[in-house]
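K.L.:
According to the numbering used here, the residues represented by the sequence shown are 1 to 343, in order. First the structure, then my questions, so here it is.
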Amino acid sequence: MSGSVAVYLVKTELEALASEIIAGRFEAQSHNLLAYSGKQEPFLINPGVFDTRLAFSFPPKRGAFSERRTICQNIEALERELRKLNAAPSAIRVHLPRLSTSKSNYAINYLRKRFPQSLISVCLIPHGLVSIELIPLDTSRKIKLLKKKLHPVNLFFPMLDYYIPTGDLIGGTDDIVQSIYTFPSISVPFTSEKVIELSGLKSYIQNTPKARTGRSAMIIGQPLLKNGSISESVHVQIRDQMRNWLTSNNFENIYYSKHPRSGDFLDFFVDEYQLIEQKGPVEIVLCELQPVVVISCYSTALATAKILFADDIRSISFGLSLTQSSKRESLARYFQSIGVELH
């Protein structure tokens with residue numbers, strides 16, 4: 001038994017980009033397996049860093065226990081692809097954005113049982129700004145996680161054994177977590193011995209072609225209406241604030257980046273904006289267009305824009321205080337600490 005396999009369980013384009021950097025820079029001596037959830041394969045700058053790319057299935061809209069059955073099918077497919085790379089690896093490192101998410105969590109104990117001689121550990125990959133503050137496991141959260149593990153339906157799915165994280169909801173304080181990857185200037189509230197900074201993000205994604213078009217602005221969409229994070233009236237208020245600011249500052253080229261999970265909603269969009277047909281995370285588009293200003297409510301892209309371009313770009317948050325986000329105060333503090341303007 002020798003060699004290691006690094007598994008990446010991703011959903012968003014930014015998670016895929018982070019996984020690509022990790023695979024090429026920190027797991028180059030391992031076999032690398034990317035498993036993704038989504039309607040299409042994520043855009044990759046250097047897909048060759050992955051030995052295998054696996055598409056996870058979606059649960060059917062109908063049928064008893066369809067979500068659990070689909071999770072079973074997906075982790076069985078994961079095992080098959082993993083064994084093709086290495087039937088008996090000495091170590092398997094599972095990279096995922098947070099320990100508590102069911103669709104990826106079940107893979108942990110499943111792989112432990114199927115590969116009893118392998119050392120199974122977890123590495124956390126960047127997932128927006130969700131982990132800038134510790135989310136303690138209070139009593140109500142512990143009960144909720146325990147219900148996931150002991151739910152009676154699981155009797156029909158013995159292969160699904162939920163791993164209950166200890167310490168915090170993201171999982172950074174759990175002993176099973178070996179490493180916590182983060183982008184520069186995005187601080188995480190975990191012990192520094194675990195934290196690994198993914199430096200050089202700008203130089204890495206600038207491998208894509210440039211298409212700078214002069215003085216331009218970019219609006220970053222978010223699924224706030226779809227998720228119920230703002231009301232329709234508040235959305236109109238924020239949208240008009242953005243539009244009025246852009247008009248008063250004489251921006252003619254205004255691009256709009258649609259959030260991949262916003263469905264039919266186009267938060268903050270107006271007809272004169274140019275809708276971008278983008279591939280990959282919005283951070284790649286930022287390097288292509290290099291706008292003068294990036295505007296959103298509380299998108300992660302506001303932070304990464306400052307990380308990528310520092311004083312060469314203005315990053316502005318509109319309407320954060322008007323949202324129903326429980327993290328709006330901590331986000332406001334963090335934004336201000338890295339130079340994101342609050343309007």
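Beta carbons: idealized from backbone N, C-alpha and C, even for Gly.
Out of PRO116, ASP161, PHE157, GLU283, which one is the CA nearest neighbour of THR101?
P.N.:
Per the Cα distances, ASP161.
K.L.:
In angstroms with no decimal places, state the Cα-to-Cα distance between SER229 and TYR256.
P.N.:
Cα to Cα, SER229 sits roughly 20 angstroms from TYR256.
K.L.:
When you compare the region 43 to 56 with the region 11 to 26, are there three or more beta-carbon pairs, one atom per stretch, that lie closer than 8 angstroms?
P.N.:
The region 43 to 56 is in contact with the region 11 to 26.
K.L.:
Within 10 angstroms of its Cβ, does ASN105 collect 16 or more other Cβ (buried), or is it exposed?
P.N.:
So ASN105 counts as buried.
K.L.:
Here's the rule: buried if 16 or more other CB atoms are within 10 angstroms of the residue's CB, otherwise exposed. What is ASP168?
P.N.:
With 16 or more Cβ atoms within 10 Å of its Cβ, ASP168 is classed as buried.
K.L.:
Counting pairs of Cβ atoms below 8 angstroms between the region 86 to 93 and the region 55 to 73, do you hit three or more?
P.N.:
Cβ pair count under 8 angstroms is below three, so no.
K.L.:
My guess is that TYR181 and ALA18 are in contact by the Cβ rule of under 8 angstroms, so how many angstroms apart are they, rounded?
P.N.:
The Cβ separation is near 6 angstroms, so the contact holds.
K.L.:
For LEU124 versus ARG98, is the C-beta spacing smaller than 8 angstroms?
P.N.:
In this structure, ARG98 lies closer than 8 angstroms to LEU124 by Cβ.
K.L.:
By DSSP, does CYS123 sit in helix, in strand, or in coil?
P.N.:
Note: CYS123 maps to strand in three-state DSSP.
K.L.:
In terms of DSSP beta bridges, what is TYR8 paired with?
P.N.:
The partner list for TYR8 (beta bridge, DSSP) reads LEU34, HIS95.
K.L.:
Report back the beta-carbon spacing between ASN253 and SER299 to the nearest angstrom; my notes put them in contact at under 8 angstroms.
P.N.:
ASN253 to SER299, Cβ: 20 angstroms. No contact.
K.L.:
Could you have a look at THR70 and say whether DSSP puts it in helix, strand or coil?
P.N.:
Helix at THR70.
K.L.:
My output table needs one value for PRO59: the three-state DSSP class, helix, strand or coil.
P.N.:
It is coil, neither helix nor strand.
K.L.:
Just to confirm before moving on: does the CB-CB distance between ALA301 and GLU329 stay below 8 angstroms?
P.N.:
Cβ atoms of ALA301 and GLU329: not closer than 8 angstroms.
K.L.:
Return the Cβ separation of SER315 and LEU342 in integer angstroms, given the expectation that the two are a contact with Cβ distance under 8 angstroms.
P.N.:
About 10 angstroms; that fails the 8 angstroms criterion.
K.L.:
Which stretch, first to last residue, makes up the alpha helix (DSSP H) that contains SER330?
P.N.:
Element bounds for SER330: 328 to 338.
K.L.:
Just verifying my parser: in three-state terms, what is the DSSP assignment at GLN237?
P.N.:
Helix.
K.L.:
Can you tell which of PRO158, LEU155, LEU33, THR166 has its C-alpha closest to the C-alpha of ILE135?
P.N.:
Of the candidates PRO158, LEU155, LEU33, THR166, the one whose C-alpha sits nearest the C-alpha of ILE135 is THR166.
K.L.:
Give, in chain order, every unbroken run of the beta strand (DSSP E) that is at least 3 residues long and sits entirely within the region 247 to 309.
P.N.:
Within the region 247 to 309, the complete beta strand (DSSP E) runs of at least 3 residues are 253 to 257, 293 to 296.
K.L.:
Can you tell me whether DSSP reads MET242 as helix, strand or coil?
P.N.:
Three-state result, MET242: helix.
K.L.:
Can you grab the Cα-Cα spacing for the pair THR12 / PHE183, in whole Å?
P.N.:
Between THR12 and PHE183, the C-alpha separation is close to 15 angstroms.
K.L.:
Considering only their Cβ atoms, is the gap separating TYR204 from MET159 smaller than 8 angstroms?
P.N.:
No, these two residues do not count as a Cβ contact at 8 angstroms.
K.L.:
Got a sec, what are the start and stop residues for the alpha helix (DSSP H) SER19 sits in?
P.N.:
Where SER19 is concerned, the enclosing alpha helix (DSSP H) stretches over 13 to 25.
K.L.:
Give me the Cα-Cα distance between THR323 and VAL293, rounded to the nearest whole angstrom.
P.N.:
Using only the alpha carbons, I get a separation of about 22 angstroms.
K.L.:
By a C-beta neighbour count over all protein chains shown, 10 Å radius and 16 as the cutoff for buried, is ILE143 buried or exposed?
P.N.:
The residue is exposed, with fewer than 16 neighbouring Cβ atoms inside 10 Å.
K.L.:
Cutting at 7 angstroms between CB atoms, please list the residues of its own chain near ASN86, excluding the five before and the five after it.
P.N.:
Closer than 7 angstroms at Cβ, skipping near neighbours: GLY3, VAL5, HIS31.
K.L.:
Per the DSSP calculation, THR182 is bridged to which residue(s)?
P.N.:
According to DSSP, THR182 bridges with GLU197.
K.L.:
Determine the contact status of GLN222 and CYS297, defining contact as a CB-CB distance below 8 angstroms.
P.N.:
The answer is yes: Cβ separation under 8 angstroms.
K.L.:
Taking 6 angstroms as the limit between beta carbons, can you name the residues of its chain near PHE265, skipping five residues before and five after?
P.N.:
Cβ neighbours of PHE265 beyond the five flanking positions: LEU225, LYS226.
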